[in-house]
Amino acid sequence: MLTKPKGTYDVLPKDAIAWDKLESTIRKICKIYHYDEIRTPIFESSDTFHRNTADTSDMVTKETYDFKDRSDRALTLRPEGTAGVVRAYIENKMYATSGLSKLYYIGPMFRYERPQKGRSRQFHQFGVEALGSNSYLLDAEVIALGTSVIKALGLKGVKVKINSLGDTETKERYHQVLTEYFSKCQSELCEDCLERLQKNPLRILDCKVDCGKEFFKNAPKIKDYMTESAKSHFEGVLKMLDEMKIDYEIEDRLVRGLDYYCHTVFEIQADIPEFGAQNALGGGGRYDHLVHDLGGPEIPGVGMAFGMDRLLSACQLAGKNLYQPPYLHIFFIGLGQASKEACLTQMNICRLGGLYCDMDFLGKSLKAQFKQADEAHAQFTCILGDNELSQFKINIKNNLTEEQTTISLYEVYPYVLNQIQQRSACAGCKEKEEK
Ligand code: AMP
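The numbers in the numbering used here rise by one with no breaks, and the one at position 310 of the sequence shown is 388.
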């Protein structure tokens, strides 16, 4: 039997409903914040991700799916969304037509990681990238968008952890201080950190192996090496978060996995015991030189990505049910062949008008068809026998009230539409009364 590749999963129809709900919530919030969707390929030329030999992030150095196509081109399945979006931004010269591009994406990402709870090899992310401004207001807007998604999903106990990596000068100063500090404790560093010490000592602060050790806890903090302008950028972001009543915690050790970040970095973490170490729902930061690094002009940007799989699990664990049972407006039952044909024709008219409809295509018994209507949560069942057909009539049953009546065959669409509208008007009145 063929099976799915290790570290991947199938989304079956019953789970797809929750995915659909999650996606529509994200799309709505992005619209509210005025971010436009961008869709880029799921594979890019390998240089898009592997441009920088000094890059030390595990994702870039160890976890990408790299392959050659039949023409020997080096390609990589995207492990994250930012690089592809920035590549598209430069290639399509989006900066020439718009001073500020606010973009969002939704789609699968691929990382060759050890599969475990909360970690797959194909997973889904949604992310936003705002390119064209170095204003701290934009950092705050991106974080606000992220927290709005969390709020819209009804998740509680979610924290924003935030830090600043400062500007280039800050990073250079801190780089030097950290190199000196960690060079003195080389015998205690793990193998990866020894390499990080050569390439980017900042990333040592991200190490899950060394983080419990004493020397690690006493490491210098970046806030003591910030330039005045970097400090004021960070203060601006924090002030705006305060003003917008977004709770956050400053986390001195937060550096995030990617080397291109500067100034604001943040992570949105869920306080869910079942998540264990994999408690980050999303995160992001500012990247003022990435556009230039990828061959474009010096244009600053800030972005964020959320793991959608984790958002869904968080909803499930919090008892937030994104699952809504699917339903039909009408299930059609034709008793003879001519009636079945007439049902399909009428059904198509209803469908063109936007009603959800279905009928049996397997020659099931009448009893089985009623059962099918029931299982599909049909609001109405239309039953057409040859006798009614000859008089251009059809029986229609309201499955909620159990009332049954006979109407003209050509009246099905306006009849059902009218009933649905009446019902939703009634529901609206009731809601108002209850308020
Ligand atoms: P990152 O791009 O590593 O900052 O990841 C952003 C978010 O994507 C994380 O906070 C997770 O929610 C999610 N994520 C990252 N890697 C995986 C993975 N292998 N499986 C599932 N979700 C992931």
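Backbone N, C-alpha and C define an ideal beta-carbon position, used for all residues, glycine too. Quantities reported herein were computed from a predicted structural model and do not represent experimental measurements.
- C-alpha of residue 388 to C-alpha of residue 169: approximately 32 Å in a straight line.
- For residue 257, the enclosing alpha helix (DSSP H) stretches over residues 246-261.
- Taking every protein chain shown into account, the CB of residue 303 has 16 or more other CB atoms within 10 angstroms, so this residue is buried.
- Take residue 287, set aside five residues on each side of it, and the residues of its chain with a beta-carbon closer than 8 Å to its own are 268, 270, 271, in chain order.
- Spanning the alpha carbons of residue 310 and residue 402 requires a straight line of approximately 47 Å.
- With a contact defined as Cβ atoms closer than 8 Å, residue 406 and residue 464 miss out at about 24 Å.
- Cβ-Cβ separation between residue 138 and residue 127: approximately 6 Å, consistent with a contact (criterion under 8 Å).
- Judged by their CB atoms, residue 359 and residue 385 are nearer to each other than the 9 Å cut-off.
- Judged by pairs of C-beta atoms under 8 Å, the region 393-400 does not touch the region 212-223, as fewer than three such pairs exist.
- By the Cβ test, the region 169-189 is in contact with the region 200-217, since at least three Cβ pairs between them sit closer than 8 Å.
- Short note on residue 314: C-beta not closer than 8 Å to any heavy atom of the ligand AMP.
- In the pairwise beta carbon analysis, the region 248-255 is classified as touching the region 290-309: at least three pairs are separated by under 8 Å.
- Put simply, of 299, 416, 280, 440 the residue whose alpha carbon is nearest the alpha carbon of residue 336 is 280.
- Where residue 385 is concerned, the enclosing beta strand (DSSP E) starts and stops at 379-385.
- Within the region 290-364, the complete beta strand (DSSP E) segments of 3 residues or longer fall at 340-348, 358-364, listed in chain order.
- According to the DSSP assignment, residue 190 belongs to no alpha helix (DSSP H), since it is labelled neither H nor E.
- Judged by DSSP in its simplified three-state form, residue 439 adopts coil rather than helix or strand.
- Taken in chain order, the complete beta strand (DSSP E) segments of 3 or more residues contained in the region 391-456 are 406-412, 435-437.
- With respect to residue 363, residue 340 sits close: the two C-beta atoms are nearer than 9 Å.
- Collapsing the DSSP output to three states places residue 127 in a helix.
- Pairing residue 334 with residue 308, the inter-Cα distance amounts to about 18 Å.
- Ranked by Cα distance from residue 157, the options 457, 190, 242 are led by 190.
- Relative to the non-hydrogen atoms of the ligand AMP, the Cβ of residue 158 comes within a distance shorter than 8 Å of at least one.
- With a 10 Å radius around the Cβ and a threshold of 16 neighbouring Cβ atoms, residue 217 comes out buried.
- Residue side-chain check: residue 203 places its Cβ nearer than 8 Å to a non-hydrogen atom of the ligand AMP.
- Closer than 8 Å to some heavy atom of the ligand AMP: that does not describe the Cβ of residue 329.
- For the ligand AMP, a non-hydrogen atom lies closer than 8 Å to the CB of residue 361.
- Here residue 122 is bridged, per DSSP, to 154.
- In the three-state scheme derived from DSSP, where H, G and I count as helix and E and B as strand, residue 108 is classed as helix.
- Counted as a single uninterrupted DSSP element, the alpha helix (DSSP H) harbouring residue 223 occupies residues 214-230.
- When beta bridges are read from the DSSP output, residue 485 appears opposite 472.
- Under DSSP, residue 460 takes part in a beta bridge, and its partners are 410, 474.
- Its chain contains 470, 471, 472 as the residues whose beta carbon lies nearer than 8 Å to that of residue 486, once the 5 sequence neighbours on both sides are disregarded; these appear in chain order.
- When only Cα atoms are considered, residue 162 and residue 371 end up about 13 Å apart.
- Spanning the alpha carbons of residue 436 and residue 97 requires a straight line of approximately 23 Å.
- Between the ligand AMP and the CB of residue 383, the shortest heavy atom gap is smaller than 8 Å.
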